[in-house]
Each structure stands twice: as C-alpha cells, then as structure tokens.
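*Asks:* This is the structure, below, for whatever I ask next.
Number of protein chains: 2
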Amino acid sequence: MSSYGRYHSQSYAPSAPQEPSYPPSSSGYSSFPPGTPQDVIRSFQMVDRDGSGFIDEYELQQALSSAFHRFNLRTIRLLMFLFKHPHQPLRIGPNEFAALWNCLGHWRGIFERYDKDRSRKIDALELRDALYGIGYAVPGSVLQLLLSKYGDGSGRRVELGFDSFVECGMIIKGLTDKFKEKDRGYSGSATLKYDDFMSMVIPFLVSYE
Amino acid sequence: MSSYGRYHSQSYAPSAPQEPSYPPSSSGYSSFPPGTPQDVIRSFQMVDRDGSGFIDEYELQQALSSAFHRFNLRTIRLLMFLFKHPHQPLRIGPNEFAALWNCLGHWRGIFERYDKDRSRKIDALELRDALYGIGYAVPGSVLQLLLSKYGDGSGRRVELGFDSFVECGMIIKGLTDKFKEKDRGYSGSATLKYDDFMSMVIPFLVSYE
Numbered sequence: 001m002s003s004y005g006r007y008h009s010q011s012y013a014p015s016a017p018q019e020p021s022y023p024p025s026s027s028g029y030s031s032f033p034p035g036t037p038q039d040v041i042r043s044f045q046m047v048d049r050d051g052s053g054f055i056d057e058y059e060l061q062q063a064l065s066s067a068f069h070r071f072n073l074r075t076i077r078l079l080m081f082l083f084k085h086p087h088q089p090l091r092i093g094p095n096e097f098a099a100l101w102n103c104l105g106h107w108r109g110i111f112e113r114y115d116k117d118r119s120r121k122i123d124a125l126e127l128r129d130a131l132y133g134i135g136y137a138v139p140g141s142v143l144q145l146l147l148s149k150y151g152d153g154s155g156r157r158v159e160l161g162f163d164s165f166v167e168c169g170m171i172i173k174g175l176t177d178k179f180k181e182k183d184r185g186y187s188g189s190a191t192l193k194y195d196d197f198m199s200m201v202i203p204f205l206v207s208y209e
Numbered sequence: 001m002s003s004y005g006r007y008h009s010q011s012y013a014p015s016a017p018q019e020p021s022y023p024p025s026s027s028g029y030s031s032f033p034p035g036t037p038q039d040v041i042r043s044f045q046m047v048d049r050d051g052s053g054f055i056d057e058y059e060l061q062q063a064l065s066s067a068f069h070r071f072n073l074r075t076i077r078l079l080m081f082l083f084k085h086p087h088q089p090l091r092i093g094p095n096e097f098a099a100l101w102n103c104l105g106h107w108r109g110i111f112e113r114y115d116k117d118r119s120r121k122i123d124a125l126e127l128r129d130a131l132y133g134i135g136y137a138v139p140g141s142v143l144q145l146l147l148s149k150y151g152d153g154s155g156r157r158v159e160l161g162f163d164s165f166v167e168c169g170m171i172i173k174g175l176t177d178k179f180k181e182k183d184r185g186y187s188g189s190a191t192l193k194y195d196d197f198m199s200m201v202i203p204f205l206v207s208y209e
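Going down the list, the sequences are from chains A and B. As numbered in full-length UniProt numbering, residues 1 to 209 make up the first sequence, in order. As numbered in full-length UniProt numbering, residues 1 to 209 make up the second sequence, in order.
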C-alpha cells in the first residue's frame, strides 16, 4: 500500500474537473450545469459585463471575493489553469466556474473543520490532518518541504491562510492524482515517461505575473 | 534513447550545485571558493552590510542587478531555493553566491547566442534551440505548455525576457536533471516512488510572496 493509499476509498475530495464540459452551446454562451445555485450564476454574470460567457482572471478574482475570499492573483491563475479547458486561452466559462465554486466550497469546509483553534490559519499538523481527512496520507517530509516555500525565509513555523491553504491543497491533491493515474495498483511507485513527467508537473508551476 | 538524451554528452550546462559547500568556515563566515573574481566578491560584500556572511532575497536582487538584471522577486526566490543549502533558511552565503553568479553568466551567454534577432526576447523556437544547444532536447509540446504559463492569457505568441528565460531554463534543466538521476540508462522512462516524485517537484513550485 502506498503512503497516499487512503485515497481510493474516497471520492468526494475537491478537485479540478478531469474533463471540462465543452464546447459551449450553439448560442456561443456555454450554459451552467442543471441545478447550479442562483447565487453562483449571479456571481458569474455580475462580473461578465460584456456578456461574452467567459471571464478573465481579474473578473474571477472579483467574482470569488464576496463568497469566499479575495484570492491573490497567483492563486487565481493556478485555479484558472487547473480548471480551464486545456486548449483554450486563460478564461473561464459557466461550467468551469460552477465546478470551481463547488471545489472551493469543499476546501472551505475542510479549512474550517481542521482550523481547530479557529485562528483562521492552518499549521503543518492541521494541514496534514486535513489532507488525511480527504484521503491523502502525505509524508511529513513532503509537507515540510512544501510549507518551507510559504515561509518568510527565516525558518520560523509556517501557517497558511485560506488562500495559501487552497493553493497547497490543489498542488498536493493535483500532483498526487496525476501520480495515481500512473500507479493504478497503489504500489507507491509509478513508471513515467519523461514527456509525461514534464507535462504532469508544469501546470502546477509558476504563472506569469 | 530518450528525447532528452543529448544531455549526457554535455557537462558544461548551467546548473544549481548538487552539493553546496558547507558548513561555513570556523570564523562563521564561509569564504569564497579559490579563484572567485574580485567583482563577484565585491558584489556580495556590498550588499551584506552587516557582514553576517549571508544575504537575503532583497540583498541578492540588489547584488545581481548591476551585473545581470534586476530579477523579479519570484525568480530571485526560485534561484535562492535552488542554490541555498537544503537545510538552511532562505539565505545565500559566498559559496552559493559564486556558484549562482557563474550559472547566471552561462545563462546570459546562452540567451545572447540564441536571441538571434537581438530583440532581447527569446521566442519558443529560440528557446527550443537554446535548450538543445546545452544538451536538452525538450519536446515542443512540453515547451508550449511551459510557455503558456508566461502568456497574458490571450493565447498570443509568448516571448521571454532574460528574467523569465532564466526561470524557464532553470525549471526545464532542473526537472530534467532530477528525472535523469532516476533514468540512468537514458531510456526516457523512470520508475519513481511517490515521495521522491513529490520531493523532486516541490522545489520548483511557487514561493511565498
């Protein structure tokens, strides 16, 4: 059993959609999935002022700020990159927006559940527990390495606000899921081709700012 | 032969040091390697105002700005993360500074050689040629994916200035070298453990800003 082996007993973990619903409807304006709550639709339409059916990163930042958090643009770009259609420019339509909203709702629930001292911050142990709770048993050394990228460089103990928590969570979950696709037997090892390895990893790297 | 197989015939490609020289000398101030040019030592000492023997990210940005470029802090943090001692806080001593300076000199030479139209920008084809020139035959699809992260989201053709070129180069070279360590036979495939995969990738991810 691999160290991330708890995963396969779970299915509700928040995630970027594997196959975004495309292409848009014949009107050119892809519609929301059936059952999408009105507040989600309203949040999208309020920022899509030109009615193009797509929103850019600044509009997404604005759309999410009332219901969730004013995410920094780096997190916004990571979210867009993970949720947008792979062959489309960096923009989000109604389907992707609904999926992203749903995903952020899950992450917020997790954040609140594991922020046990109600500090609005998640520390290393709480992060480990939170990931374990959604089925990802991530080794402490891996989490420490990741958290060291969020510190101020002094080596002091790192705590994550909701913004960085979502970013960390999406990175760990996303990379683990990609790895798992190549490790169907949950052995903890996978054989990867060089091209696949690079293509797996690059979406999680830097975005232009 | 793997697609990155040209690598092993080369040995001069710019790189983060595999084994930074540590610990510091008994005086507490680790010294520069023998033969370090005076301008490198001077650049370090000018920004290390408290004489601690270590510089932080802002000091590094300043130290590099006269000789190379005023790198944005994201690139500076990636460079620090790749060059610093793995178990030290985010700071750079003389040995790492000399190695980093040397590495940036190589990248500048490559940038100038492959910026054939002297536009001070490298486009996708020039980037491919530049990487091929130092021994990395990176598939076009991988480079396109990476470059798409540097665009403004519109899908327009991306060109990299020196700053982003160094970042891209360090990412491609760094990840490829890590992969290569696990693919000693240059087969183009490697078997990775989950923990190793995550630890390979995380240093190239986002840094706190």
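Heads up, the beta-carbon is just placed ideally off N, CA and C, and yes, glycines get one too.
Which partner residues does L160(A) have in the DSSP bridge list?
*Replies:* Start at 1 with the first residue of the first sequence, and residue 160(A) comes out as number 160. The partner list for L160(A) (beta bridge, DSSP) reads I122(A).
*Asks:* Under the three-state reduction of DSSP, which class applies to P23(A): helix, strand or coil?
*Replies:* Position 23 of the first sequence, counting from 1, holds the residue named residue 23(A). With a pLDDT of 43 at P23(A), under the threshold of 50, the modelled position of this residue cannot be trusted; read the value that follows with caution. DSSP places P23(A) in coil when its eight states are reduced to three.
*Asks:* May I have the straight-line CA-CA distance separating W101(A) from R157(B), to the nearest angstrom?
*Replies:* By one-based count along the first sequence, residue 101(A) stands at place 101. By one-based count along the second sequence, residue 157(B) stands at place 157. Distance between the alpha carbons of W101(A) and R157(B): 30 Å.
*Asks:* Going by alpha carbons, who is nearest to C103(B) out of A124(B), V166(B) and G188(B)?
*Replies:* Position 103 of the second sequence, counting from 1, holds the residue named residue 103(B). The shortest Cα separation from C103(B) among A124(B), V166(B) and G188(B) belongs to V166(B).
*Asks:* Below 8 Å, how does it come out for the region 84-101 of chain B and the region 56-72 of chain B: are there three or more Cβ pairs, yes or no?
*Replies:* The region 84-101 of chain B is in contact with the region 56-72 of chain B.
*Asks:* Once you ignore the five residues that flank C168(B) on each side, which residues in its own chain have a CB closer than 8 Å to its CB?
*Replies:* Stepping through the second sequence from its first residue, residue 168(B) is reached at position 168. Here the set comprises L127, L146, L147, Y150 and L160.
*Asks:* Would you mind reading off the limits of the beta strand (DSSP E) that contains L192(A)?
*Replies:* Locating residue 192(A) in the first sequence gives position 192, counting from the first residue. Counting along the chain, the beta strand (DSSP E) containing L192(A) begins and ends at S189 to K193.
*Asks:* Whose C-alpha, out of L60(A), L143(A) and S31(A), is nearest the C-alpha of L79(A)?
*Replies:* Here residue 79(A) refers to the residue found at position 79 when the first sequence is read from its first residue. It is L60(A) whose Cα lies nearest to the Cα of L79(A).
*Asks:* Run down chain B in chain order and give the residues with a C-beta less than 8 Å from the C-beta of F204(A).
*Replies:* The sequence position of residue 204(A) within the first sequence is 204, counting from 1. Here the neighbours are V201 and L205.
*Asks:* Name, going along the chain, the residues of the region 137-154 of chain A whose beta-carbon falls closer than 9 Å to a beta-carbon of chain B.
*Replies:* V138, P139, S141, V142, L145, L146, S148, K149, Y150, G151, D152, G153 and S154
*Asks:* Taking all protein chains shown into account, do 16 or more other C-beta atoms lie within 10 angstroms of the C-beta of K84(B), making it buried, or fewer, making it exposed?
*Replies:* As a first step, residue 84(B) must be located in the second sequence, where it is residue number 84. So K84(B) ends up on the buried side.
*Asks:* Using a Cβ-Cβ cut-off of 7 Å, state whether T191(A) counts as contacting chain B.
*Replies:* As a working mapping, residue 191(A) is identified with position 191 in the first sequence. Under the Cβ distance rule, T191(A) counts among the residues neighbouring chain B, one pair being separated by less than 7 Å.
*Asks:* Pull up the CB-CB distance for F179(A) and F197(B), whole angstroms please, since I reckon it's below 8 Å.
*Replies:* The count along the first sequence starts at 1 and reaches residue 179(A) at position 179. The count along the second sequence starts at 1 and reaches residue 197(B) at position 197. Contact between F179(A) and F197(B) holds: CB atoms are separated by about 6 Å, below the 8 Å threshold.
*Asks:* Out of curiosity, what's the CA-to-CA distance linking W107(B) and F32(B)?
*Replies:* Mapped onto the second sequence, residue 107(B) falls at position 107. Mapped onto the second sequence, residue 32(B) falls at position 32. If you take the alpha carbons of W107(B) and F32(B), they lie about 21 Å apart.
*Asks:* Looking at C-alpha atoms only, which residue of G133(A), T36(A) and H87(A) is the closest neighbour of A99(A)?
*Replies:* Here residue 99(A) corresponds to residue number 99 of the first sequence, with the count starting at 1. For the residues G133(A), T36(A) and H87(A), the minimum Cα distance to A99(A) belongs to T36(A).
*Asks:* Under a three-way DSSP split, which group does I41(A) fall into?
*Replies:* What you label residue 41(A) is simply residue 41 of the first sequence in a count that begins at 1. In the structure shown, I41(A) sits in a helix (DSSP, three-state: H, G or I).
*Asks:* Please check if any C-beta of chain B sits within less than 7 Å of the C-beta of D195(A).
*Replies:* Start at 1 with the first residue of the first sequence, and residue 195(A) comes out as number 195. So, interface residue.
*Asks:* Hey, would you say T191(B) sits closer than 7 Å to T191(A), going by beta carbons?
*Replies:* Here residue 191(B) refers to the residue found at position 191 when the second sequence is read from its first residue. Here residue 191(A) refers to the residue found at position 191 when the first sequence is read from its first residue. Cβ atoms of T191(B) and T191(A): closer than 7 Å.
*Asks:* Measure the CB-CB distance between S189(A) and K193(B) and report whether it falls below 7 Å.
*Replies:* What you label residue 189(A) is simply residue 189 of the first sequence in a count that begins at 1. What you label residue 193(B) is simply residue 193 of the second sequence in a count that begins at 1. Taking 7 Å as the cut-off, the Cβ atoms of S189(A) and K193(B) count as close.
*Asks:* Hey, is the region 130-144 of chain B in contact with the region 111-119 of chain B, meaning 3+ C-beta pairs nearer than 8 Å?
*Replies:* yes
*Asks:* Can you find a CB in chain A that lies within less than 7 Å of the CB of P86(B)?
*Replies:* Taking the second sequence and counting its residues from 1, one reaches residue 86(B) at position 86. No, no contact with chain A.
*Asks:* Taking Cβ positions only, does P94(B) come closer than 7 Å to chain A?
*Replies:* Taking the second sequence and counting its residues from 1, one reaches residue 94(B) at position 94. It does not: the Cβ of P94(B) has no partner Cβ on chain A nearer than 7 Å.
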